[in-house]
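Working notes, structure below.
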Amino acid sequence: MAVLVHDPIQEAMLQLAERVQVSYEKGAPYGMILAPCAAVGQKVLEQMQSYVSGFEPEAPLHCFYLDPSGLLGIVLSGQKLINTHYASLVLKEFLEQQDLLEGQVAVASFPESGELTELSMSQLLQTTLQGKGESRDIHLFMNHGVQQGITSILIADPDEVSREFVKLRLEINGYKVEEARDGSEALEKFEKTMPNLVITELNLPILDGYQLIDKIKRDYDGEGQVIVLTDKQLPKSMDRAFELGASDYVTKPFSISELEWRIKKLSSRLN
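Take 647 as the starting number for the sequence shown in the working numbering and just add one per residue.
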């Protein structure tokens, strides 16, 4: 007797493909937001659509709920990544107000996030389902094929504005990015995710940047590179960071283009 195995990814894929087929126009930008969410009815969907549309009146959007996978979705025809990301901030605010959000919000816009294919939609769904029960942050999905060198980055900085700015820019360029507010959280996330690169401020609470570099280099030699991004501009600060094992040193205020160039330079050196 044949045994049918329930595949939540495949089931959600079929539901998502039906929604996409209705509004997708080949060659035009296509924004997509997925979020793990408590079960919602049609009334809440209508309230959500009205709430998001109030902030993005020009964006044609369609809200839906993928049951039983527990994912809330929004598709935005003709919207690039920057507009889709803004809509995701509004959606996240609504879901948190209603106490419905149950994990990480995944955001994509095709073709900026890669080619819109069955594989990329499946990967987007997997990313969102894996984010259930985790932090309530926003993750920019990128599918640019197989990357070599540095693909994952951890940013440690107590300044939320600086941290989020760098995170957003790097995610747009296809990197998987985690963030930490202090040295203790950074070390915990490093041990959990083992990123290729850590970008750290030296002025970190609990465990400072020097201690973080030393810990990574002593206990995980060869597993992670470190770029310092800091307010400390004195030569002695730079010398100490390099002595502990930092690969590069960038001072604030900084150019994001320069930071990206330093990352690419380090990546090519590692290859």
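We put the beta carbon where it would ideally sit given N, CA and C, even for glycine.
- Task: Look at the alpha carbon of Ser768 and the alpha carbon of Glu889, and state the distance between them as a whole number of angstroms.
- Result: 44 Å
- Under the DSSP definition of a beta bridge, which residues are partnered with Asp894? Ile873
- Would you tell me roughly how many angstroms separate the C-alpha atoms of Val874 and Arg908, rounded to the nearest one? 11 Å
- Task: Could you spell out the range, first to last residue, of the alpha helix (DSSP H) harbouring Val736?
- Result: Leu727 to Gln743
- So, helix, strand or coil for Phe900, using DSSP? coil
- Message: I'd like to check one pair, Glu671 with Ser723: are the Cβ atoms closer than 8 Å?
- Response: yes
- Item | Anticipated Cβ contact below 8 Å, Cys683 with Leu660, distance rounded | That pair is no contact at about 19 Å.
- Cβ atoms of His785 and Ala752: under 8 Å apart, would you say? yes
- Would you tell me roughly how many angstroms separate the C-alpha atoms of Ala802 and His708, rounded to the nearest one? 36 Å
- Is the stretch 763–778 in contact with the stretch 686–703, if contact means three or more CB pairs nearer than 8 Å? no
- Does DSSP classify Glu906 as helix, strand or coil? helix
- Beta bridge counterpart(s) of Glu824 as assigned by DSSP: Leu800
- Item | Cα-Cα separation, Gln725 to Ala826 | 30 Å
- Message: Can you check which of these residues, Ala892, Arg864 and Met694, is closest to Gln744 by C-alpha distance?
- Response: Met694
- For Pro899, count neighbouring Cβ atoms within 10 angstroms of its own Cβ and tell me buried if that reaches 16, exposed if not. exposed
- Task: Report yes if the CB atom of Glu847 is closer than 8 Å to the CB atom of Pro804, and no otherwise.
- Result: yes
- Report yes if the C-beta distance between Lys861 and Leu833 is below 8 Å; otherwise report no. yes
- Residues bridged to Pro851 by DSSP? The partner list for Pro851 (beta bridge, DSSP) is empty, contrary to what the question assumes.
- Task: Measure the C-alpha to C-alpha separation of Ile796 and Val872 and round it to an integer number of angstroms.
- Result: 11 Å
- Can you have a look at Glu704 and say buried or exposed, based on whether 16 or more other CB atoms are within 10 angstroms of its CB? exposed
- Task: Ignore the nearest five residues each way along the sequence and tell me which others in Phe756's own chain have a CB closer than 6 Å to its CB.
- Result: Tyr676 and Leu762
- Pro881 burial status per 10 Å Cβ neighbour count (16 or more: buried): exposed
- Taking only the alpha-carbon atoms, compute the straight-line gap between Met884 and Val823 and give it to the nearest angstrom. 25 Å
- Query: How many angstroms separate the CA atom of Arg809 from the CA atom of Ala658?
  - Reply: 33 Å
- Query: Which residue from Val736, Asn729, Val721 and Ala685 puts its Cα closest to that of Pro714?
  - Reply: Ala685
- Checking contacts by CB at 8 Å: is Val872 closer than that to chain B? The chain labelled as chain B is not found in the depicted structure, where only one protein chain is given.
- Could you tell me the distance, in whole angstroms, from the CA atom of Ile628 to the CA atom of Arg864? The question about residue 628 has no answer, for the chain in this structure spans 647 to 917.
- beta strand (DSSP E) runs contained entirely in the stretch 751–788, provided each spans 3 or more residues: 751–756 and 784–786
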